[in-house]
Every structure is written in structure tokens, then in C-alpha cells.
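Protein sequence lines, in the order shown, are assigned to chains R and V.
Our numbering puts the first residue of the first sequence at 1, with every later residue one more than the last.
Our numbering puts the first residue of the second sequence at 1, with every later residue one more than the last.
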Amino acid sequence: MKHISKTRLALLFVCSFITFSSQADQPKQLLWGDTHLHTSYSFDAFLNQNQSADPDTAYRWAKGQPVIHPYNRARVQIETPLDFLVVSDHAELMGVIRAIDNETAELGDVGFFADIKRRISTYFLLDAIENETGKDIFVGILPKAPADPRGDPVQDSANVLPLDPFGDTTKTESTAWYEIVDAADRHNEPGKFTSLIGWEWSSIPTGANLHRVVVSPDGGEKAKSYIPYGSDQSQYPEDLWNWLAETSEQSGARFVAIPHNSNISKGYMFAETTLRGQPITSAYARQRMLWEPVVEMTQIKGDSETHPGLSPDDEFADFETYEYYIQQTAEDYELRKGDYARSGLMRGLEIAQEIGDNPYQFGMIGSTDSHTGLASAEEYNFWGKMAKDSTPETKRLGMIRDGKTSADGWDRAAQGLAAVWAEENTRDSIFAAFQRKEVYATTGPRIAVQMFGGWEFAEDDAQATDFASTGYSKGVPMGGDLVAAPAADSQPQFLIRATKDPLSANLDRIQVVKGWVDSAGKSHERIYNVAWSEGRELVADGSLPAVGNTVDLEIPSYENSIGAPELLALWADPDFDASQRAFYYARVMEIPTPRHSLFDAISLQEKTRAEVPDTIQERAYTSPIWYTP
Amino acid sequence: MRKLFAEPLFQFAVLGLLLFIIVNLLAPAQLVTDDASEIKIDQAALQQYLQFQQKTFNAEAAARALELMPPLDEQRLVEDYVRDEALYREALALGLDDNDEIIRRRLIQKMEYLAQGFYDDAPAISEEAMQDYFAANQAQYEIDAAVTFTHVFLPGTNRETSESEATVDPSLQAQQLLSQLNTEQVPFERAGRYGQRFLYNQNYVERTQQHVVTHFGQDFAKRLFELEAGSVWQGPIQSDYGTHLVMISSKTAARSPALDEVAQIVLADLQAEQRREVKATAIKTLVDKYTVTDLRENASQ
Chain R
1 MKHISKTRLA
11 LLFVCSFITF
21 SSQADQPKQL
31 LWGDTHLHTS
41 YSFDAFLNQN
51 QSADPDTAYR
61 WAKGQPVIHP
71 YNRARVQIET
81 PLDFLVVSDH
91 AELMGVIRAI
101 DNETAELGDV
111 GFFADIKRRI
121 STYFLLDAIE
131 NETGKDIFVG
141 ILPKAPADPR
151 GDPVQDSANV
161 LPLDPFGDTT
171 KTESTAWYEI
181 VDAADRHNEP
191 GKFTSLIGWE
201 WSSIPTGANL
211 HRVVVSPDGG
221 EKAKSYIPYG
231 SDQSQYPEDL
241 WNWLAETSEQ
251 SGARFVAIPH
261 NSNISKGYMF
271 AETTLRGQPI
281 TSAYARQRML
291 WEPVVEMTQI
301 KGDSETHPGL
311 SPDDEFADFE
321 TYEYYIQQTA
331 EDYELRKGDY
341 ARSGLMRGLE
351 IAQEIGDNPY
361 QFGMIGSTDS
371 HTGLASAEEY
381 NFWGKMAKDS
391 TPETKRLGMI
401 RDGKTSADGW
411 DRAAQGLAAV
421 WAEENTRDSI
431 FAAFQRKEVY
441 ATTGPRIAVQ
451 MFGGWEFAED
461 DAQATDFAST
471 GYSKGVPMGG
481 DLVAAPAADS
491 QPQFLIRATK
501 DPLSANLDRI
511 QVVKGWVDSA
521 GKSHERIYNV
531 AWSEGRELVA
541 DGSLPAVGNT
551 VDLEIPSYEN
561 SIGAPELLAL
571 WADPDFDASQ
581 RAFYYARVME
591 IPTPRHSLFD
601 AISLQEKTRA
611 EVPDTIQERA
621 YTSPIWYTP
Chain V
1 MRKLFAEPLF
11 QFAVLGLLLF
21 IIVNLLAPAQ
31 LVTDDASEIK
41 IDQAALQQYL
51 QFQQKTFNAE
61 AAARALELMP
71 PLDEQRLVED
81 YVRDEALYRE
91 ALALGLDDND
101 EIIRRRLIQK
111 MEYLAQGFYD
121 DAPAISEEAM
131 QDYFAANQAQ
141 YEIDAAVTFT
151 HVFLPGTNRE
161 TSESEATVDP
171 SLQAQQLLSQ
181 LNTEQVPFER
191 AGRYGQRFLY
201 NQNYVERTQQ
211 HVVTHFGQDF
221 AKRLFELEAG
231 SVWQGPIQSD
241 YGTHLVMISS
251 KTAARSPALD
261 EVAQIVLADL
271 QAEQRREVKA
281 TAIKTLVDKY
291 TVTDLRENAS
301 Q
């Protein structure tokens, strides 16, 4: 962190322990959900031992009912139910493996010899499923490392789509889609629980993860007028957006596409150019922002906020770092700027400075990407990425046992969730929040965070009982834009309130992460500590001593004897330059708590591996507020 | 003797002998396996085999890997190679490649790839060609208009209160608020203090008409883009949700970029088009060599 002189530090921080009892003035309610969940209808979920948790199971779990775990058959239950859920199975081979296994597949005519081949493939497939070696088949159809790691991965000679031995599966896929859609409509209860219809477009040319979850707020009637667009139709995101535009035009259905796992995109997610290697134009930036207002930046396959290699001055940067590409062949992880949300937001400013439009002006959410049908993001109640890694013993079996590409359940994280500030718990209301980016990410705990940006907040606004109303009338909420600096010496202010998850740990601090671009077109980042639990003072360089650690590694447990249940801040940017584009987002840190792997290690009466931390600081990341001169 | 040289059978035998000698002297070892039951192994074959096994294609790395390979592993590699080669030859001998859809697809794919390869021999793209292409496809490169604005929102009255309850005429109310905003010279950043909270955003920065449509509806977007920028409040404009008073701080008109600005993209598009054309022509030449006989009953002649 750069040196900030204390006199220039126009830091108006407040920290307090007042617990807000009244929510009466609250214009919006906070809803919690998972926008990225797979069931037995996804080919990879089924091949990895989820053969029973279907969309119906997923909704029942999300609503708080006990359900049967698809692998270990135990009765499992979420601690706090969710408010909304998107079942997002892979469009590719949607429901096909499941249908072949239970002999309901309707497959197209392929001719005599191909039919023999299909029978043989089916035989091997069913045999593997029965012997729990489905994951070998799964690994066999994963992509291969590229011949040219800098080129267009779609055109790479190593980018061969696995030959589909089953022939035309459209009919089976459409049956599966109808079932998924019907389950969503059955479980949607406006005002109480919302199901949004969605799927995953799973483009991963030569192991560069470009996956997007597509979400629609519209009901089954519209959803049944199309079949989900898959990466077998095109691996280019531009083609997905064109399809969304056409389908929206034809069916009236609305969509957003939510990219995820930029951390293993090999630099292509927030790249300097388009996937084809062409320069980013205004048209590209505007088309992308029309369909992709939000990015899922924290999930089981790691946290994509930033990487210690990109943010060496950020003491919390190395959090659930996940460096394993999804592919058959070994390839060392190579850190690239296009891999992380923060560097993506910064690159967005650089491009905007150059061409006038920002292709990466996205809000941020978390979700699980669990393939078990169970949206579990709680460390002590985590049921795995794939069904098979749900028990302490099976969790440590690597998915790919080929040297460096191997990652097991202990390398993965029990996270995250999508938080949404919405008028009401309905499809339309939640969708509108996604479009205006008034959403944020947490790594599991339900930390409540509100943030407003403005120019004219008063010192006592942070303490006001009508905090939110003040925020909305004097400023813009997270995801919004600040435009005109009213005077030459104005500083943007940020009004932030964070409250702990009632069932989880106290809060350590609120930080504001600022990114900006200088007149030479180069972007920068800086982190400001703006509110923290009492008993600590900022050091001259702006850093703050650690909050401490109360975790008992033997049980494991922790105590809320440190930290604060609530933190408030009114902070003005002391280093503001009105001529520079900038973004600001808040990061709210919890005190340390035990990681899921520690629960396992204790139950196995073993030690965790050296590279797996025993305790973590869970956190919330708000969507940014942007300033444009 | 002379008669003998004139004998076609003799000529044929001599030619055959010559061919045999030439092939034996010049062709690489693999081609002249005179015995179909002999599998020859050399460094090049193993290198290639290793690359296919590892599914990474880098000849240098494969050569290095082969050099460093422990003898036991190398022995295993040779055994695998021999096994694969034997199975492959037996399969060919049994004619298993006939009528196999996957092999057929693979061969078609290879031919398509070859056809595309002709593009490399095509002449380089001239500047004139680029200018012509750009002129013909200008619409494709057009940059849309965009506005930066804030707004004051008055919800539609007929939604929650019935018309009889509505004491104030909504359009009158909007007009009054508009003149108030302008009289008091309410600045851009204070918009949020007036009217009601809108479903979507307060401020919109450099947004296209298409984007505005998704948040406000067709009619609003159309009206908004007809207005000029300035530090005055304008409106009222109706949206799908109610009435809005807007302040537009900047507006950029739609424009056609100069070729320089988009040269790289135009070049890539033109190359892609040429590649398609070359491929289509090459395939057509091949297809034209065939006579197609349609045996269906209702086939047109």
C-alpha cells in the first residue's frame, strides 16, 4: 500500500456497535441465493455419482427441507434456507447421460455401424457408472492443452470437440429441458421463494474456461419456446449474445449471462482483445454490457477477486486461490491479468479511456457451482463439489490424477452466495436487481452490506436510522454510476453499512478497493481500511493490525470475542482526481473461522496438508460504483 | 533380341525393375516394408507416437522426452507402438475402415482442412480491396449513439391508486416539478432527492438506445434520443413504468468510423470471408467432378 499522509487522509470513519433494530425504513430487502447449481441432469454431475439429486431435490434443499444426499445417502439439510435459486445444468448433453442410464433416452437414427458403436459406448458408460469410474470417462472428454497458448483457443489445432457417440440427442435434451423448466415453475412462490430458469453455456476451448450461466426471469411458457444454447453450437461468447438477442426478439424472454471462473480462463475472460484476437470496439463493449451486467467471482473452484501476483500489496489477496485448469493434460498455471475480477475491472477502465466504452463494467456475485443438487456454502455443512467428494475420505481423491492438474476436495472452497437488494422476492424484482447490478458476493456467510456513493453525504448519515433512504436520495447504490463532480475540489463519498451473519462470525473490517486509470492510460489499485472493530489504530502507511484469531483448532470452534457485529463508514476518497475514471467497491472481512477441510481433518484424526489453510477470513465483495469524468 | 525389346511384357518388366530400384534407393524406410508382417521402429515414428499419446504436439519436447526416457518406459512405449500398429494393420486387412461413420467424418474433416489450406496461396489483401470491402459493409461498423443522463421518476398513477383517488393530474404534477427543477437549477447529482426511486438505475453513463430500451422501454428510449444535451431538465417522458424528467449531460451521435479506426477488424473480416470463398470454390471443384444421379421417385431432373 502506498504511503498516505495522515493530514491528507480525509477519512471520516465511524465504527460502532449499534445494532439496527428497525428495518422499517428499508426500501429494499436483502435476498440470498445461488445462481449456479447443477443437478443429475448435468452430464458431469451424473458421471461423478450424482444420479438422484434432480431439480426437485435442489429446490427442496434450497427451501430448507431435509433431502437425501445423492452419493452418501445421508439426510442433509441447509442451515438457513435460500430465497432464490437458479438450477443451471449444462446445455451440452442436458439430461442425456441420465436418460441413457434409466433407459428413457430418445436418440436419433444413425445407421447400422454407428448404432453398433453407440451400443458399445452406452455399454461402457453404464458399466463405468455402475463401477463408480464415471469420472474416468469424464476426464476423457475434457479439453486438451492448446498448441498455441496465445492464439484464438477456438481455432487451436488441439481444440477438438469430443466426438459425440450418441448421435442426435436433441430430443432427449428437450425432454430434460421441459422437466427442468416445469420443476422451476412448480417451486416458484412469489414473495416467498423464487426460482429463476437458467442453464450453463459451457465453452472451454483448450481448457480456457469461458463458461456462462444464462438466467431468465420468464416462466415456463417462454422457456419452452427455445432449447438452451450450448457451446456445441459455438464456443464464441459473441455468438451466445447474438443468440440471446434473436431468441429474446422471437420469444419475448429476457436474459442475462453470468461468466464465472475467470481464474482458470487462461487470461481470456477479461482479455485485452476479443476471443478471436481482434481489438475491442465500442460495439463489442456495448453488446457485452447489455448481456453480462454481472460476474460470478467467487465459488467452489476458487475466489477470483484478485491474486497475490497481481495485487502484491493486498494482504488478503491470497484467498482460496485455485490454480487448476479443467483439462486432461498437465499444464502449469500461468497468471494473467484477464483472470481476475479486480484486474478485469481495471482493464475495463483502460479500454474505456481509449475507446470511450467499458466492456468490463460488471457487478459481482458469488454462487456455488455445486454439482450435487445441494447449494451448500457453509464450511461446517459443505457437501462437496461433485457428489462423490462429500465424505472426508472421498473428498481427498483428486479428480484428475495426472501430476499437476490434480485438485481434490480440500483444494476447493465451500463458497459462495449471491446477495440481491430487491423490492420483493419475485422473478422480475430479482432480475431487475441483476440488471442494475445492485447485487454482491459473499464467500458463504450472510454478511449484510449496503453501499452508496455520492457527493453530499453528511457526517451523521452513517448513523441515521433512515440510512438506506438517505443513501438512495443523496447518492447511488452499489452497481451505480457517479458522473459529475459538482465542484473542482469535490471528493466522492461512500456510505457503507455492514452487519454480521447472525449465525456466523463477527466482522474484522470494511475496506474500499479503488481502481483508477491515469492520463497515460495505465490503471492502478489501492486499498483503504475505512472501518474496523475497536482496539486498533491505523498505521502510518494506512494498514491496520490483524484482528487476531480465536479459532480452537482441536474442536474446531471460534469465539466472537474479537471483531464487531456491525461496522459503519462514511469515507471520502482523499486521492481523488476528477479527470480520471475510477471504480470503488467494498470488501468486508470476517474474523478467522475454521475451513471445511479442518472439520474433515479432525474427523479423520489427521493433519491437513501444509498448503491447505486451517482457518480463513470469509468476506463480502460489493459490486463497484464507477466514476466517469 | 530386337524383337524381345519390342515385346510389351519385357518393357513392362524392365520398367517395374527400374521402379523397384528407385523406390528402394530413395523412399524412406517405412514405405518399403516389403513384408506386411514386419513392423519397423525408428526414432521419428516413436516421436510422433509419443506426441499423439500425450496429446501435445511439440516435436522438440517429444524428442527430448524420448531421450530422457528411462529404458523401461521406452520399452513400454515401443510395445504400445507395436501393439497399435499391429491392430491398425489387422483392422485394415479386415476392411474395418469401410463404412465407418467416424472414419468417414474424419476423412471429410481432413479434406475440408486441406481445402481451407489453399487460402494460404491466395494473393495478399490489397488496400483497395479493404477499402472496397469496408465501403460495401459500412453499416456493420457503425458506432451507435450514446447518452449520459440522470432522471427524476414519478410512478404511473393508475397502478396503485384508482383514478378517482388520484387528486392530482399526473401530467400536471410532472410539469410543476419540471419547472421547479429548472427554476431552482437542481444539478445533475441531486436528481435522487426528487420523485420516487426507479426500478433500475439513477444515472446512466454512455448508454446506447438499445440499452435504454431494456430499462425504460421503446417509446422512452426513442424520445430520449431525440433530446439534446444541456444542463436543463427536460420532459416529461413516459416510460413503461411512469413519468420521467431527464437531464442529459452529454450525447454522442451515431457515426461511421474511418477505416483507420477499425482497420484490424475489417482486415480480419475480409480474410474470414476470403477464406470461406476459397474453401467453397475448392470444394465445388471437387464436387463438380461427380455426376449426381437422384434415384428418388419425385426427384426433379
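By construction, the Cβ of each residue, glycine as well, lies at the ideal position given by its N, Cα and C atoms.
{"Asked": "Does V/E206 pass the burial test, meaning 16 or more other C-beta atoms within 10 Å, or should it be called exposed?", "Found": "buried"}
{"Asked": "For chain V, is any of its Cβ atoms less than 9 Å away from the one on R/P27?", "Found": "yes"}
{"Asked": "Where DSSP assigns a beta bridge to R/W243, which residues make up the other side?", "Found": "In the DSSP output, where bridge partners are listed per residue, R/W243 has none listed."}
{"Asked": "Considering only the beta carbon of each residue, do R/I625 and R/F583 sit closer than 9 Å?", "Found": "yes"}
{"Asked": "Where does the unbroken beta strand (DSSP E) through R/R619 begin, and where does it stop?", "Found": "619-622"}
{"Asked": "Could you work out which residue in R/Q51, R/R73, R/T80 is closest to R/Q65 when comparing CA atoms only?", "Found": "R/T80"}
{"Asked": "Using only alpha-carbon positions, find the residue among R/K266, R/Q450, R/I591 that is nearest to R/I616.", "Found": "R/I591"}
{"Asked": "For R/S195, report the span of its alpha helix (DSSP H) as first-last.", "Found": "R/S195 -> not in any alpha helix (DSSP H); beta strand (DSSP E) instead, spanning 194-201."}
{"Asked": "The alpha helix (DSSP H) that contains R/M451, what's its start and end?", "Found": "No alpha helix (DSSP H) contains R/M451, which is instead part of the beta strand (DSSP E) from 448-454."}
{"Asked": "Check each candidate in R/D600, R/R436, R/M94 and name the one with the smallest Cα separation from R/D389.", "Found": "R/D600"}
{"Asked": "Should R/G479 go down as buried or exposed, given a rule of 16 or more other Cβ atoms within 10 Å for buried?", "Found": "buried"}
{"Asked": "Tell me which residue opens and which closes the alpha helix (DSSP H) that V/Q210 is part of.", "Found": "209-216"}
{"Asked": "Would the C-beta of R/L31 count as close to the ligand NAD, meaning under 8 Å from any of its heavy atoms?", "Found": "Annotation note on the ligand NAD: not contained in the displayed structure, which lists no ligands."}
{"Asked": "Does the distance from the C-beta atom of R/S523 to that of R/M364 stay below 9 Å?", "Found": "no"}
{"Asked": "Less than 9 Å separating the beta-carbons of R/G198 and R/T35?", "Found": "yes"}
{"Asked": "Alpha helix (DSSP H) containing V/D132: first to last residue?", "Found": "127-136"}
{"Asked": "Look up V/F198 in the DSSP assignment and say whether it is helix, strand or coil.", "Found": "coil"}
{"Asked": "For a cutoff of 9 Å on Cβ pairs, would you count V/N298 as touching chain R?", "Found": "no"}
{"Asked": "Looking only at its own chain, which residues have a Cβ that is under 7 Å from the Cβ of R/D314, when we skip the five neighbours before and after it?", "Found": "T306, I527"}
{"Asked": "Measure the C-alpha to C-alpha separation of R/Q77 and R/R118 and round it to an integer number of angstroms.", "Found": "39 Å"}
{"Asked": "Measure from the alpha carbon of V/R193 to the alpha carbon of each residue in R/G454, R/T175, R/Y558, R/G356, then state which is nearest.", "Found": "R/G454"}
{"Asked": "Using a Cβ-Cβ cutoff of 8 Å, what residues of the segment 426-437 of chain R are near chain V? List them in chain order.", "Found": "A432, Q435, R436"}
{"Asked": "Can the beta-carbon of V/V212 be found less than 9 Å from the beta-carbon of V/F198?", "Found": "no"}
{"Asked": "Under a CB-based cut-off of 9 Å, is R/V110 close to chain V?", "Found": "yes"}
{"Asked": "Mind checking R/S216: buried by the 16 CB within 10 Å criterion, or exposed?", "Found": "buried"}
{"Asked": "Helix, strand or coil for R/D303 per DSSP?", "Found": "strand"}
{"Asked": "Give me the residue from R/T39, R/G475, R/A414, R/T368 with the minimum Cα distance to R/P613.", "Found": "R/A414"}
{"Asked": "Could you check whether the segment 495-510 of chain R touches the segment 442-449 of chain R, counting it as contact only if at least three pairs of C-beta atoms, one from each stretch, sit closer than 8 Å?", "Found": "yes"}
{"Asked": "Going along the chain, which residues of its own chain have a beta-carbon closer than 6 Å to the beta-carbon of V/N203, five neighbours each way excluded?", "Found": "T150"}
{"Asked": "If the cut is a Cβ gap below 8 Å, which residues of chain R does V/I125 touch?", "Found": "Residues of chain R passing the Cβ test: none, with the nearest at roughly 16 Å."}
{"Asked": "Assuming contact is defined by CB atoms lying nearer than 9 Å, are R/Y558 and R/T593 in contact in what I supplied?", "Found": "yes"}
{"Asked": "Nearest CA to the CA of R/M386: which residue from R/S262, R/S40, R/Q327?", "Found": "R/S40"}
{"Asked": "Using a Cβ-Cβ cut-off of 9 Å, state whether V/H211 counts as contacting chain R.", "Found": "yes"}
{"Asked": "Against chain V, does R/S579 count as a neighbour if the rule is that its beta carbon must be under 9 Å from one of theirs?", "Found": "no"}
{"Asked": "Strictly under 9 Å for the Cβ-Cβ distance: is R/T628 near chain V by that measure?", "Found": "yes"}
{"Asked": "Nearest to V/E261 by CA position, among R/Y268, R/Q278, R/D136, is which residue?", "Found": "R/Q278"}
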